[in-house]
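For reference, the structure is listed below as structure tokens.
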Amino acid sequence: MLFLAADHRGFTLKEKIKTYLFLKKVVYEDLGAVELKPGDDYPDYARLLAEKVLGYKDNVGIALCGSGAGMNIVLNKFDGIRAGVGENPDMITAQRRDDNINVLVIPTDFVNDTDAYLMVDRFLHETFKSDPKYQRRLNKIKVIEQGN
2 MLFLAADHRG
12 FTLKEKIKTY
22 LFLKKVVYED
32 LGAVELKPGD
42 DYPDYARLLA
52 EKVLGYKDNV
62 GIALCGSGAG
72 MNIVLNKFDG
82 IRAGVGENPD
92 MITAQRRDDN
102 INVLVIPTDF
112 VNDTDAYLMV
122 DRFLHETFKS
132 DPKYQRRLNK
142 IKVIEQGN
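Residue numbers (the numbering used here): 2 to 149.
See below:
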């Protein structure tokens, strides 16, 4: 299942992505913000998203905020979340193939709508390269997560 979450700075692009996903017949759940609230805080939405993504192994998420940094920091505090900030579609291809990210973070202040749609497509369709070196690296990350 795909989950979406955005703070006030990501809200407008999230709404556009929802329309894009609807047209592509992609099923998703919107975790908020459900309306534009300038005083909201990204950690609240990042937590909701992380909890949903961790609920089942095939769940993935898309988070949107101004710089991408805030959502990314909070999301990566959760054991099992591998969030990556995307500035262009090629970054997302690499992050899905090499790092098996399960959350795409879109920095809405720095990405145009077209690139955002392309990143969403890459995120949803690229798969992890099961090359031993990439799996070895993910295993090392898991050890670090468990030790902290």
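Every residue, glycine too, gets a C-beta built ideally from N, C-alpha and C.
Original post:
If you drop the 5 nearest sequence neighbours on each side, which residues of the same chain put their C-beta closer than 7 angstroms to that of proline 39?
Top reply: Position 38 of the sequence shown, counted from the start, is the residue given in the question as residue 39. For proline 39, where only same-chain residues beyond five positions count, the Cβ hits under 7 angstroms are His9.
**OP:** Using the Cα positions of lysine 15 and glycine 33, report the straight-line distance between them to the nearest angstrom.
**Re:** Indexing the sequence shown from 1 puts residue 15 at position 14. Indexing the sequence shown from 1 puts residue 33 at position 32. Going from the Cα of lysine 15 to the Cα of glycine 33 covers about 9 angstroms.
Original post:
On the three-pair Cβ rule with 8 angstroms, is the region 56-67 touching the region 90-97?
Top reply: no
Subject >> Cβ-based burial, phenylalanine 124 [other Cβ within 10 Å; buried from 16] >> reply: For this step, residue 124 is matched to residue 123 along the sequence shown. Classification for phenylalanine 124: buried.
Original post:
Mapping DSSP to helix, strand and coil, what is glycine 62?
Top reply: As a position in the sequence shown, residue 62 is number 61, starting the count at 1. Three-state DSSP puts glycine 62 in a strand.
Original post:
Pick from Asn101, Asp110, Phe4, Phe23: whose alpha carbon is nearest that of threonine 13?
Top reply: Along the sequence shown, one-based indexing puts residue 13 at 12. Selected option, being the one with the closest Cα: Asp110.
Subject >> Contact with chain C by aspartate 59, beta-carbon distance below 8 angstroms >> reply: No chain C appears in the structure shown, which is made up of a single protein chain.
Subject >> Proximal residues to valine 54 (C-beta, below 7 angstroms), its chain only, five neighbours per side dropped >> reply: If you number the sequence shown from 1, residue 54 lands on position 53. Here the set comprises Phe4, Asn60, Val61, Gly62, Ile82, Asn103, Val104.
Subject >> Span of the beta strand (DSSP E), counted from its first residue to its last, around leucine 5 >> reply: As a working mapping, residue 5 is identified with position 4 in the sequence shown. Looking at the DSSP string, the run of the beta strand (DSSP E) that includes leucine 5 is 3-7.
Original post:
CB lysine 130 to CB aspartate 99, shorter than 8 angstroms?
Top reply: Position 129 of the sequence shown, counted from the first residue, corresponds to residue 130. Position 98 of the sequence shown, counted from the first residue, corresponds to residue 99. Yes, the Cβ-Cβ distance between lysine 130 and aspartate 99 is below 8 angstroms.
Original post:
Taking the alpha carbon of valine 75 as the point to measure from, which residue in Gly87, Tyr57, Gln136, Ala51 has its own alpha carbon closest?
Top reply: The residue given as residue 75 occupies position 74 in the sequence shown. Ranking Gly87, Tyr57, Gln136, Ala51 by Cα distance to valine 75 puts Ala51 first.
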